[in-house]
Amino acid sequence: MIDKFYNNEHFSPDYVRENPIIISIQSIDSLDSKKQFEPLTHANLVRGSVKLTQTLCSEQYFIWGGFNASKLSFECISDQFIDKAPYGKIILTITPTVYVNGELTTILTDEETRLFTGYIETAEPDSVPGHYTVTAYDRLYRVRNNNVWDYIQKRLAAVKAEKKHLSWYSVERLIASTQLLLGEKDTLPEWTKNIYYPDNVEINAENGVDLLRDFALCTQRFGILNGEENLEYIQVQDSASGSECYRINSYNPDDFEASPGHVWLPKYFTSEPKTNIFYTTGETTQDEDYYNNFYTISNNPVIGNQDWINELYECDEYGTPSSKYSVNNLPAGLFDTARMCLTNGEEYYCQEYKIKVLSDPTIPMGSIIHVYKNGTLVVKSYIMERTITFSSTQTIECEMSAQNEAYNTVVPTSDKSALNANILANQVSASMPFISDGSSLTKLRACKVISKTEYTKLSEKRDDTIYYVYDDTEKS
Numbered sequence: 310m311i312d313k314f315y316n317n318e319h320f321s322p323d324y325v326r327e328n329p330i331i332i333s334i335q336s337i338d339s340l341d342s343k344k345q346f347e348p349l350t351h352a353n354l355v356r357g358s359v360k361l362t363q364t365l366c367s368e369q370y371f372i373w374g375g376f377n378a379s380k381l382s383f384e385c386i387s388d389q390f391i392d393k394a395p396y397g398k399i400i401l402t403i404t405p406t407v408y409v410n411g412e413l414t415t416i417l418t419d420e421e422t423r424l425f426t427g428y429i430e431t432a433e434p435d436s437v438p439g440h441y442t443v444t445a446y447d448r449l450y451r452v453r454n455n456n457v458w459d460y461i462q463k464r465l466a467a468v469k470a471e472k473k474h475l476s477w478y479s480v481e482r483l484i485a486s487t488q489l490l491l492g493e494k495d496t497l498p499e500w501t502k503n504i505y506y507p508d509n510v511e512i513n514a515e516n517g518v519d520l521l522r523d524f525a526l527c528t529q530r531f532g533i534l535n536g537e538e539n540l541e542y543i544q545v546q547d548s549a550s551g552s553e554c555y556r557i558n559s560y561n562p563d564d565f566e567a568s569p570g571h572v573w574l575p576k577y578f579t580s581e582p583k584t585n586i587f588y589t590t591g592e593t594t595q596d597e598d599y600y601n602n603f604y605t606i607s608n609n610p611v612i613g614n615q616d617w618i619n620e621l622y623e624c625d626e627y628g629t630p631s632s633k634y635s636v637n638n639l640p641a642g643l644f645d646t647a648r649m650c651l652t653n654g655e656e657y658y659c660q661e662y663k664i665k666v667l668s669d670p671t672i673p674m675g676s677i678i679h680v681y682k683n684g685t686l687v688v689k690s691y692i693m694e695r696t697i698t699f700s701s702t703q704t705i706e707c708e709m710s711a712q713n714e715a716y717n718t719v720v721p722t723s724d725k726s727a728l729n730a731n732i733l734a735n736q737v738s739a740s741m742p743f744i745s746d747g748s749s750l751t752k753l754r755a756c757k758v759i760s761k762t763e764y765t766k767l768s769e770k771r772d773d774t775i776y777y778v779y780d781d782t783e784k785s
């Protein structure tokens, strides 16, 4: 993998410092309103108030899915707002320039970049006439509660009456294009055209954005609307074999934090119910699943329910599939578990961190990020969340972060204490120093998670082991 610095030349911190960018917030026509106000530039925007927040994953752990709305906030002062609050659909653009001896000589209009397209949701007036604090979100926020299920159910029923099936791909297109009116830059991968969408029962009445998130999850992608308001399915690079990453060497230590704790790396995915009953990893315990990073997706309308699996496999009343099917001969359109099994050694190393640096705001979301301290790699992660602050036309600050607490849903609620003990043990062992056992050898101290019952039965409590004990006495 090649580490590279943030150096998109005309948006790089060093270039912008000498050649101020043009920041513009413009009102544009939309389906429900025409252009509402004249463009706002640095003369109308309060210094340091323009902030854009983008999110791929808002969970406390790394998991595909996404579809979080981007948020733009800013303060503006303009005579055009004295009797009328800002309203409607807006875009945020930045344009690089060329300055010579402190004088503007060229505006690089061909490199103008749209960072945000969305709708003003709130405009709070200040005591000063024409002064407003504005919050806007992209279209995902506006359609977040749109119910598409009735429409999809009718389409599924009509196609089924013709003894046909809709594919994952076609259902996603129906939702995104015809129901949510989202522009298209990217679509689901081609193989989703060969997977049937379950049509035997109303599985769930989710809204359209939630269903798009389910599709992204099951295809190992993140969903987001880009600055042009077009839908993107982002497939993040493998941490080990990715073609490039972005490297940060210089930063203020006060603006950086990272967790050395347990990092959840999804090694194996399966579904419940199992859509390929010929595939098995053997019997595993909850602890093994936790430490081996096994993950189960359950109750997902995109995958289906047990009746759907039985129907496609032509199972008998005992759940035994038809003898005409084998591991190499799956029913047409059935979701193959191999699609969700990371069997090729993929690694997604998402370390928890937060850092604020001067940076290029056009770096793609989901990019691999490496942070170094004194030449040593201290963070290996992804850009999962980012807040871009335009402190001035010459200073662009980006606060980038990722969250990743230890997590695995196969550990049920009843074993919450065991999960908490596992998390604590992983956090401590990750930063545990080497110790000496009195010999010439130096060892790592071990961490072990056991129940109170098991702990009391130990014949020997080793000095080189730290025990994390959870209470199992209240369980029935």
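Going by our numbering, the sequence shown runs without a break in its numbering and finishes at 785.
Don't be surprised by glycine CBs; every beta carbon is placed ideally from N, CA and C.
Beta-carbon proximity list for LYS633, same chain, < 7 Å, skipping 5 on both sides: If you number the sequence shown from 1, residue 633 lands on position 324. Cβ neighbours of LYS633 beyond the five flanking positions: none.
Exposed unless 16 or more other CB atoms sit within 10 angstroms - verdict on ASN619: Within the sequence shown, the letter at position 310 stands for residue 619. Counting Cβ neighbours within 10 Å, ASN619 comes out buried, since at least 16 surround it.
Contacts around THR402, its chain only, beta-carbon distance under 6 Å, and the 5 residues preceding and following it disregarded: As a position in the sequence shown, residue 402 is number 93, starting the count at 1. For THR402, where only same-chain residues beyond five positions count, the Cβ hits under 6 Å are SER333, GLU421, ARG423.
Given that a residue counts as buried once 16 or more other Cβ atoms are within 10 Å of its Cβ, and exposed if not, what is ARG695? Translated into the one-based positions of the sequence shown, residue 695 becomes position 386. Counting every other CB atom within 10 Å of its CB across the protein chains shown gives ARG695 a total of 16 or more, marking it as buried.
Supposed contact pair LEU526 and GLY374 - C-beta distance, whole angstroms, cut 8 Å: Within the sequence shown, numbered from 1, the residue matching residue 374 stands at position 65. Within the sequence shown, numbered from 1, the residue matching residue 526 stands at position 217. GLY374 to LEU526, Cβ: 4 Å. Contact.
Alpha-carbon to alpha-carbon, ASP419 and VAL325: Within the sequence shown, the letter at position 16 stands for residue 325. Within the sequence shown, the letter at position 110 stands for residue 419. Rounded to the nearest whole angstrom, the CA to CA distance from VAL325 to ASP419 is 17 Å.
Go ahead and label LYS473 buried or exposed: buried means 16 or more other beta carbons lie within 10 angstroms of its beta carbon, across all protein chains shown. In the sequence shown, the residue the question calls residue 473 occupies position 164. Burial call: exposed.
Alpha-carbon to alpha-carbon, THR442 and GLU433: Within the sequence shown, numbered from 1, the residue matching residue 433 stands at position 124. Within the sequence shown, numbered from 1, the residue matching residue 442 stands at position 133. C-alpha of GLU433 to C-alpha of THR442: approximately 5 Å in a straight line.
From which residue to which residue does the beta strand (DSSP E) around PRO670 run? Looking up residue 670 in the sequence shown gives position 361. DSSP places PRO670 in no beta strand (DSSP E); its state is neither H nor E.
Own chain partners of TRP477 with C-beta closer than 6 Å, once the 5 adjacent residues on each side are dropped: Residue mapping note: residue 477 aligns to position 168 of the sequence shown, counting from 1. Closer than 6 Å at Cβ, skipping near neighbours: THR501, ILE504, TYR506.
Compute the beta-carbon to beta-carbon distance between GLU581 and THR605, rounded to the nearest angstrom, for a pair I have assumed lies under 8 Å. Indexing the sequence shown from 1 puts residue 581 at position 272. Indexing the sequence shown from 1 puts residue 605 at position 296. Sure, about 5 Å apart at Cβ, within 8 Å.
Between which residues of its own chain and ASP564 is the CB-CB distance below 6 Å, once the five residues before and five after are set aside? Against the sequence shown, residue 564 aligns to sequence position 255. If we look at ASP564 and ignore the five residues flanking it on each side, its Cβ neighbours are LYS665.
Helix, strand or coil: how does DSSP classify SER607 here? Residue 607 sits at position 298 when you count from the first residue of the sequence shown. In this structure, DSSP gives SER607 an extended state, which the three-state scheme calls strand.
I believe GLU670 touches CYS707 by the beta-carbon criterion, under 8 Å. Please report the beta-carbon distance rounded to the nearest angstrom. Locating residue 670 in the sequence shown gives position 361, counting from the first residue. Locating residue 707 in the sequence shown gives position 398, counting from the first residue. One detail in the question is off: residue 670 reads as Pro in this sequence, not Glu. Indeed they touch by this definition, with Cβ atoms about 6 Å apart.
ARG464 and LEU483 closer than 8 Å at C-beta: In the sequence shown, counting from the first residue as 1, residue 464 sits at position 155. In the sequence shown, counting from the first residue as 1, residue 483 sits at position 174. Between ARG464 and LEU483, the C-beta spacing is below 8 Å.
Taking the CB atoms as reference points, tell me whether ASN609 and ASP523 lie closer together than 8 Å. Here residue 609 is taken as the residue at index 300 of the sequence shown, counted from 1. Here residue 523 is taken as the residue at index 214 of the sequence shown, counted from 1. Yes.
Take every Cβ of the region 532-544, pair it with every Cβ of the region 367-381, and state whether three or more of those distances are shorter than 8 Å. These segments touch.
Identify whether SER635 lies in helix, strand or coil by the three-state DSSP scheme. Counting from one through the sequence shown, the residue named residue 635 turns up at place 326. DSSP places SER635 in strand when its eight states are reduced to three.
In angstroms, rounded to a whole number, what distance separates the CA positions of ASN735 and TRP617? Reading the sequence shown from its first residue, position 426 is the one you call residue 735. Reading the sequence shown from its first residue, position 308 is the one you call residue 617. With a pLDDT of 48 at ASN735, under the threshold of 50, the predicted position of this residue should be treated as unreliable, though the coordinate-derived value follows. The alpha-carbon atoms of ASN735 and TRP617 are separated by roughly 39 Å.
Between THR364 and TYR691, what straight-line distance do the alpha-carbon atoms span, to the nearest angstrom? Taking the first residue of the sequence shown as position 1, residue 364 is located at position 55. Taking the first residue of the sequence shown as position 1, residue 691 is located at position 382. Cα-Cα distance, rounded: 12 Å.
Assuming PRO322 is part of the alpha helix (DSSP H), what are its boundary residues? For the purposes of this step, residue 322 is identified with residue 13 of the sequence shown, where counting begins at 1. That run of the alpha helix (DSSP H) goes 322-327.
Extract the residue ranges of the beta strand (DSSP E) inside the region 412-477, only unbroken runs of 3 or more that lie entirely within it. DSSP runs (the beta strand (DSSP E)) wholly in the region 412-477: 412-416, 422-434, 440-446.
State yes or no: is the C-beta of THR528 within less than 8 Å of the C-beta of LEU489? The sequence position of residue 528 within the sequence shown is 219, counting from 1. The sequence position of residue 489 within the sequence shown is 180, counting from 1. No.
Based on the DSSP output, what are the partners of GLN335 in its beta bridges? By 1-based counting over the sequence shown, the position of residue 335 is 26. According to DSSP, which records beta bridges pairwise, GLN335 is partnered with ILE400.
Cut-off 6 Å between Cβ atoms - residues of its own chain near LYS770, not counting five sequence neighbours on either side: To locate residue 770, count along the sequence shown from 1; it is residue 461. Exclusion of the five residues before and after LYS770 leaves no residue of its chain whose Cβ lies closer than 6 Å to its Cβ.
Should PRO673 be listed as close to the ligand NAP, given that the test is whether its C-beta is under 7 Å from any heavy atom? Looking at this structure, you won't find the ligand NAP or any other ligand, since it has none at all.
Start and end of the alpha helix (DSSP H) containing CYS366? Counting from 1 along the sequence shown, the entry for residue 366 is found at position 57. From DSSP, CYS366 is part of no alpha helix (DSSP H); its letter is neither H nor E.
Neighbourhood of ALA466 by C-beta, 8 Å cutoff - its chain only, sequence neighbours within 5 removed: Stepping through the sequence shown from its first residue, residue 466 is reached at position 157. Closer than 8 Å at the Cβ level, and outside the excluded window around ALA466, lie ASP508.
Which residues bound the alpha helix (DSSP H) around ASN585? Along the sequence shown, one-based indexing puts residue 585 at 276. From DSSP, ASN585 is part of no alpha helix (DSSP H); its letter is neither H nor E.
C-beta atoms of GLN335 and ILE386 nearer than 8 Å: Numbered from 1 along the sequence shown, position 26 holds the residue referred to as residue 335. Numbered from 1 along the sequence shown, position 77 holds the residue referred to as residue 386. Result no, Cβ atoms of GLN335 and ILE386 do not sit closer than 8 Å.
What residue range does the beta strand (DSSP E) around LEU521 cover? Here residue 521 is taken as the residue at index 212 of the sequence shown, counted from 1. According to the DSSP assignment, LEU521 belongs to no beta strand (DSSP E) but to the alpha helix (DSSP H) extending over 517-527.
Grab the span of the beta strand (DSSP E) containing GLU706 for me, first residue to last. Within the sequence shown, numbered from 1, the residue matching residue 706 stands at position 397. For GLU706, the uninterrupted beta strand (DSSP E) segment begins and ends at 704-711.
Using the three-state DSSP reduction, which class does PHE346 fall into: helix, strand or coil? The sequence position of residue 346 within the sequence shown is 37, counting from 1. PHE346: coil per DSSP, three-state reduction.
Nearest by alpha-carbon distance to CYS659: which of GLY517, GLN712, ILE543, PRO640 is it? As a working note, residue 659 is residue 350 in the sequence shown. With distances taken between Cα atoms, CYS659 lies closest to GLN712.
Quick one: is GLY427 buried, meaning 16 or more other Cβ sit within 10 Å of its Cβ, or exposed? As a first step, residue 427 is located in the sequence shown; it is residue number 118 there, counting from the start. Counting Cβ neighbours within 10 Å, GLY427 comes out buried, since at least 16 surround it.
For LYS682 and SER559, the rounded distance between their alpha carbons: By 1-based counting over the sequence shown, the position of residue 559 is 250. By 1-based counting over the sequence shown, the position of residue 682 is 373. Taking the Cα positions, SER559 is about 8 Å away from LYS682.
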